[in-house]
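Residue numbers (this note's numbering): 1391 to 1584. Even for Gly, the Cβ is constructed at its ideal location relative to N, Cα and C. Just below is one structure, and these are the notes that go with it.
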């Protein structure tokens, strides 16, 4: 087996990454002492064919990965592999746009996470059979048009998402009257409301 294939096989499985929940400087208690004992755990499920599921406290999403020589690419980020053994992995972010190098430490875990589908149609219904929510998730993130209804069948809101970011939202009252419009204005880099 080649060295490259060995790396690819060695990374397969679930890895756990533990990180401070907040920047320690921002968590000063009343005595001025850093208090960053709260940690957040992420799970990375490396699968065959370069598919990676990442489960964070706020949700789960999917991306691609590739591994060559001593480089691990996670989505659009590049990491140098500092250590990769059967149970430990340490990687450091690098690239032209990286100002502060971020080092991530992982340990292999027996914790199982279920891979999410690449594309998933979300549809929820009220007890009376009328639609409640309809939308599409791609790689675990809201994408495209999402519609939400009141139980009386009137539209409650219509939103357009791009990778979970709401770019446009219209809200209606129970009678179908438009209450507000909100959209992301690329020119001013801010949300506008009408």
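Per-residue burial, residue i [other beta carbons within 10 Å of its own, 16 or more giving buried]
i, result
"residue 1515", "exposed"
"residue 1529", "buried"
"residue 1581", "exposed"
"residue 1489", "exposed"
"residue 1512", "exposed"
"residue 1497", "exposed"
"residue 1487", "exposed"
"residue 1452", "buried"
"residue 1517", "exposed"
Whole-Å CB distance - residue i paired with residue j, under 8 Å assumed
i, j, result
"residue 1435", "residue 1503", "5 Å"
"residue 1433", "residue 1480", "Going by Cβ atoms, the distance from residue 1433 to residue 1480 rounds to 17 Å, so no, they are not a contact pair."
"residue 1585", "residue 1532", "This structure cannot speak to residue 1585, because the chain is shown only from 1391 to 1584."
Reduced DSSP secondary structure (H/G/I, E/B, other) of residue i
i, result
"residue 1518", "coil"
"residue 1398", "helix"
"residue 1485", "coil"
"residue 1497", "strand"
"residue 1417", "Because residue 1417 sits at a pLDDT of 49, beneath the cut-off of 50, its placement in the model cannot be relied upon, and the following sentence gives the value as read from the coordinates. In the structure shown, residue 1417 sits in coil (DSSP, three-state: anything other than H, G, I, E or B)."
"residue 1409", "strand"
beta-carbon residue i near the ligand ZN non-hydrogen atom, thresh 8 Å
i, result
"residue 1460", "Among the ligands in the structure shown, none appear at all, so the ligand ZN cannot be discussed."
- prompt: Going along the chain, which unbroken runs of the beta strand (DSSP E) with 3 or more residues stay wholly within the segment 1445–1476?
  reply: 1449–1458, 1461–1464, 1467–1474
query: Touching or not, the segment 1535–1552 and the segment 1439–1446, by the rule of three or more beta carbon pairs under 8 Å?
result: no
- prompt: Does the segment 1517–1529 touch the segment 1457–1470, meaning 3 or more C-beta pairs lie closer than 8 Å?
  reply: no
- prompt: Of all the beta strand (DSSP E) runs that stay within the bounds of the segment 1506–1574, which reach a length of 3 or more residues?
  reply: 1509–1515, 1521–1528, 1531–1539, 1545–1552, 1555–1562
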